[in-house]
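Report on one structure; see the data block that follows.
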Amino acid sequence: MINILCERDEKYYQSMVLRVKNRISESICDSDLPLYSAARHYMGKGKHLRALMLLLACGATGGEPSNAIDIAAGHEILHTFSLVQDDIMDKSEKRRGTDTVHIKYGLDTAILSADYLFLKAFESFNINFINHEFDNAKRSRLLKEILELGMVICEGQFLDLNFERKFSLAEDDYLDMIYKKTAVFFEKVCTIGGIIADTSEENIHSISEMGKCLGMAFQIKDDMLSFFGDEKVVEKSLVSDVEGGKITLPIIYVLQKASTSEKDFIKNLFEKQHVEPGNIDCLKKILQSYDVEDYAEGIAMKYISRAKDKLAELPYSYEIQILDGLLNFALYRNK
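So in full-length UniProt numbering, spot 229 of the sequence shown is number 229, and the numbers just go up one at a time.
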């Protein structure tokens, strides 16, 4: 787990996230059948950030995080399902230095493993509903938020695919897409944490908006790291994004500022099926000449500033302190 927890309560939240990890391990069948091996392929390798945020949102709004273990596990499983699908649609061969599921196990098995993970996520949600005897109103509201999350992510993934090599893409279109593909997940886990805590609507709005803004900054930083990060640390190659035609904030901005010849070079590069390393170096030099990194970081910082304002609307607690650390992590991480 990322090392941002305050010393006083670090062990408590580490134990909560460990319980989430254990729930996930228990949920996924341990058979050697390739279907289940494929489903387990990404398990245990991520930050479990969404689960941590759900638990913190619950605690920050006056709830008991242990009441949300299974629903937090379900969201991590749902996130893994989305990664498998994302890799299939992007035709990605690697994720963080590891073979993607469809490369290691084949396309058909990858699709079935994603279906299995999706169902397992809802099984975890239902276990949480039953174990903690949520009343019908709370259960209905939680299910509404979960279903809305899934539907919005579908739209975000569609937009991401539709925006490939779309050089006329506006910044607002990009921001709408990353909200629907990434930030909505952060927003909804915070909403769900607040609902489980039985807090006020004002508190739910504040914690949800904080999560949304964190998610926006997180994705902008991800896209910055693709161009300006150390590939060995990030464990992601810029070449794959360029060959995949991914148009993100750095490219949208530079296409507004670059000369005609530079624009033509960038567009031709993103149209290629195979990109030489030397061309990537030229692209990076163009981006640097227009201070693209500073511009993108400025946009991310605005979201972090708003997120901190929303945190300030909630009663101060050690959860708020940890969430503030998460906001700093989202902006200044190197992977």
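Note that the Cβ used here is the ideal one computed from N, Cα and C, for glycine as well.
Beta bridge pairing from DSSP links ASP99 with LYS94.
Across the set LEU112, LYS302 and PHE167, the C-alpha of PHE167 shows the shortest separation from the C-alpha of TYR253.
At the C-beta level, ALA300 and LYS221 come within 8 Å of one another. Of the other Cβ atoms in all chains shown, fewer than 16 fall within 10 Å of the Cβ of HIS274; this residue is therefore exposed.
For SER140, the closest alpha carbon among the candidates ILE247, ILE195 and CYS282 is that of ILE195. Taken atom to atom, the span from the alpha-carbon of ASP324 to that of HIS75 is near 22 Å. As for any alpha helix (DSSP H) of minimum length 4 sitting wholly inside the segment 243–317, the runs are 249–257, 260–271, 277–289 and 292–311, ordered along the chain. For ILE251 and PHE134, the gap between their C-alpha atoms comes out near 47 Å.
For CYS29, no alpha helix (DSSP H) encloses it, and the DSSP letter there is neither H nor E.
Here GLN256 is exposed. Its C-beta has fewer than 16 other C-beta atoms within 10 Å. Rounded to whole angstroms, GLN288 and ASP294 show a C-alpha spacing of 9 Å. Annotation for LEU149: VAL184, PHE185 and LYS188 place their beta carbon closer than 7 Å to its own, counting only its chain and skipping 5 residues before and after. Counting of Cβ neighbours within 10 angstroms places MET89 among the exposed residues, the total staying below 16. The C-beta of ALA170 has fewer than 16 other C-beta atoms within 10 Å across all chains shown, which makes the residue exposed.
Here ARG165 carries a coil assignment [DSSP, helix/strand/coil]. Under the three-state reduction of DSSP output, PHE134 falls in the coil class, being neither helix nor strand. In the three-state reduction of the DSSP assignment, GLU64 falls in the coil class, being assigned neither a helical nor a strand state. Boundaries of the alpha helix (DSSP H) around SER208: 201–228.
GLU235 is the residue among PHE227, GLY193, GLU235 and PHE329 whose C-alpha sits nearest the C-alpha of ARG95.
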